[in-house]
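Here this note's numbering is used: the first residue of the sequence shown is 6, the next is one more, and so on. Just so it is clear, CB atoms sit at the ideal spot from N, CA and C, and this is done for glycine as well.
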Amino acid sequence: MIPALMPTYNRADLAFERGEGAWLWTADQRRFLDFGSGIATTSIGHGQPHLVRTIAEQAAKVMHVSNLYRVPQAERLAARHVEASFADSVFFCNSGAEANEGMIKAVRKYHAENGHPEKFHLICFEGAFHGRTLATLSATGNEKYLAGFGPPVQGFDHVPFGNMNAVRDAIGPHTAGIMIEPIQGEGGVRPADLRFLQELRAVCDEFGLLLALDEVQTGMGRSGKLWAHQWAGIEPDVMSSAKGIGGGFPLGAILAKEHVAKHLKPGTHGTTYGGNPLACAAGNAVLDVVLAPGFLEQVDRVARHLWRGMNDLAARHPTVASGVRGAGLLVGLQLTPAVANGDFQAAAVDEGLLTVAAGQNVLRVAPPLIVTEAEVDAALEMLDRAARRLTPADAKAMAK
């Protein structure tokens with residue numbers, strides 16, 4: 006018999022009943038250090054008092070009214086995001102996939118409204134992950150994810166990640182823009198070279214294309230800056246965000262410059278739940294924390310401590326790990342062909358640490374942004390023990 010909850014996930018046999026900061030507890034009181042953060046989503050930790058209080062207070066007033074009416078919480082949150090970013094206007098939705106879907110529509114609409122409806126193709130990159138809707142699956146381009154869902158949505162041309170010559174060769178009369186994650190998360194925690202991002206901005210300006218950045222996983226302080234593209238000193242025309250902006254409450258956003266946003270007029274795009282009072286109250290609470298003086302600087306300091314520790318870990322276990330990549334508090338441990346990331350993830354769970362597998366046989370760590378250096382050290386010790394479990398000689402000694 007099929008289970009009542011549709012079996013679309015291979016779930017670990019763990020169920021958590023409470024959390025605090027970077028820690029989670031199961032019903033039988035097993036404690037785990039959470040270096041997955043719900044896939045980079047619980048940005049300010051579990052049970053954060055200000056976020057919990059804000060959600061409870063707003064829920065007691067009004068949770069949802071629909072976008073048929075003004076939503077002051079959304080107006081305030083949009084104004085704060087505009088003030089803190091490149092954007093002139095913001096659209097709120099529910100998820101990263103929905104934000105990316107809307108961003109794709111915004112790029113196409115821009116060109117249609119400017120007299121070029123034939124320009125609807127986006128250049129995307131091999132190894133990307135943009136979501137599970139039909140359009141975002143097509144933008145992702147992974148045959149495994151597309152299998153069984155009919156023909157891909159037209160308009161997505163894929164080139165190798167980081168290859169500027171391939172980008173230029175792909176530009177044609179139907180090209181509308183370039184869509185890229187500053188750091189490929191699901192694709193193996195692969196950061197785009199900062200110069201490559203700068204060159205993408207330049208080529209978009211050269212050919213009249215829009216630069217569309219997917220910062221669903223990399224944004225809201227994850228890289229040590231509010232947005233990962235800021236490390237490259239560039240600005241996109243339009244950007245998607247989700248995950249960490251709600252601190253665990255479902256919230257997505259499309260941030261855009263005026264020349265893009267002005268074409269999404271009434272009736273062109275919409276959402277029932279997106280930007281409701283409860284979601285935007287949560288978003289404002291997250292911003293209160295992340296934009297506080299010194300917060301992002303602390304994230305950057307702890308991230309550098311994690312980076313050094315991960316590199317030391319890889320050096321100590323050359324038969325298990327071959328290197329480290331990523332940025333900020335989104336770090337990937339590249340494993341050797343002899344060790345599967347699923348096996349390493351399971352070994353880490355046995356040590357009390359939660360991580361997330363990623364593409365290219367990478368183990369991804371993405372702790373809450375409030376993680377401390379002491380908690381990083383604890384995680385590194387757990388990873389060290391997990392690596393020893395997977396090293397044949399050490400595994401025999403540990404078994405004895």
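Take Leu-311, set aside five residues on each side of it, and the residues of its chain with a beta-carbon closer than 7 angstroms to its own are Leu-334, Val-336 and Val-381, in chain order. Secondary structure of Leu-199 (DSSP, three-state): helix.
Put simply, the backbone Cα of Ala-286 is about 26 angstroms away from that of Phe-40. Remark: C-beta atoms of Val-221 and Arg-369 do not approach each other more closely than 7 angstroms.
In this structure the stretch 129–137 does not touch the stretch 256–270; the number of beta carbon pairs closer than 8 angstroms is below three. Fewer than three Cβ pairs drawn from the stretch 276–294 and the stretch 314–331 lie within less than 8 angstroms of each other, which leaves the two stretches out of contact.
Under a 10 Å Cβ-count criterion, Leu-283 is classified as buried, with 16 or more other Cβ atoms of the shown protein chains found around its own Cβ. For Thr-31, the enclosing beta strand (DSSP E) begins and ends at 28–31. Setting aside the 5 residues that flank it on each side, His-55 is surrounded in the same chain by Ala-290, Asp-293 and Val-294, each with a C-beta closer than 7 angstroms to its C-beta; the list follows chain order.
In this structure, Ala-233 is the residue among Met-225, Asn-99, Ala-233 and Val-172 with its C-alpha nearest to the C-alpha of Glu-186. Taking the Cβ atoms as the reference, Ala-17 lies roughly 33 angstroms from Gly-280, outside the contact range of under 8 angstroms.
Of the candidates Ala-362, Gln-159 and Ala-84, Ala-362 places its Cα closest to the Cα of Glu-191.
His-268 sits buried, since 16 or more C-beta atoms from the chains shown fall within 10 Å of its C-beta. Each residue's CA atom was taken as its position, placing Leu-358 and Leu-216 some 37 angstroms apart. The alpha carbon of Lys-149 has as its nearest neighbour, out of Ala-384, Gly-364, Thr-377 and Leu-385, the alpha carbon of Gly-364. With a minimum length of 4 residues, the unbroken runs of alpha helix (DSSP H) contained wholly in the stretch 257–294 fall at 263–266.
No residue range can be given for Thr-324, since it is assigned to no alpha helix (DSSP H) and is classified by DSSP as neither H nor E. Taking 4 residues as the minimum length, the alpha helix (DSSP H) runs contained wholly in the stretch 70–102 are 77–88, in order along the chain. For the 7 angstroms CB-CB criterion, Asp-219 and Asn-105 form a contact.
DSSP, reduced to helix, strand and coil, places Glu-25 within a strand of the structure shown.
In this chain, Arg-58 is not harboured by any beta strand (DSSP E); it is covered by the alpha helix (DSSP H) spanning 54–66. Fewer than three beta-carbon pairs drawn from the stretch 344–358 and the stretch 238–254 are found closer than 8 angstroms, and the two stretches are therefore not classed as touching.
Considered as a whole, the stretch 121–150 harbours 139–145 as its complete alpha helix (DSSP H) runs of no fewer than 4 residues, in chain order. With a contact defined as Cβ atoms closer than 8 angstroms, Leu-388 and Ala-353 qualify at about 6 angstroms.
Taking a cut-off of 8 angstroms for Cβ pairs, the stretch 156–167 and the stretch 106–126 touch, as three or more such pairs fall below it. Looking only at Val-208, Gln-235 and Phe-154, the smallest Cα-Cα distance to Ile-188 is reached by Gln-235. According to the DSSP assignment, Ala-175 belongs to the alpha helix (DSSP H) that extends over 169–175. A contact between stretches requires three or more CB pairs, one per stretch, nearer than 8 angstroms, and the stretch 204–216 meets this requirement with the stretch 176–184. Residues Pro-187, Ile-188 and Ala-233 of the same chain have their beta carbon placed closer than 6 angstroms to that of Thr-223, with the five preceding and five following residues left out of the count. Contact between Lys-248 and Ala-45 holds, since their C-beta atoms are separated by about 5 angstroms, short of 8 angstroms. For the beta strand (DSSP E) assignment, the uninterrupted runs of no fewer than 3 residues enclosed by the stretch 349–401 are, from N- to C-terminal side, 361–363 and 367–370. Of the residues Val-376, Ala-20, Glu-25 and Gln-303, the one whose Cα lies closest to the Cα of Ala-32 is Ala-20. Counting C-beta pairs with one atom in each stretch, the stretch 97–116 and the stretch 269–276 have three or more that are closer than 8 angstroms, which means they touch.
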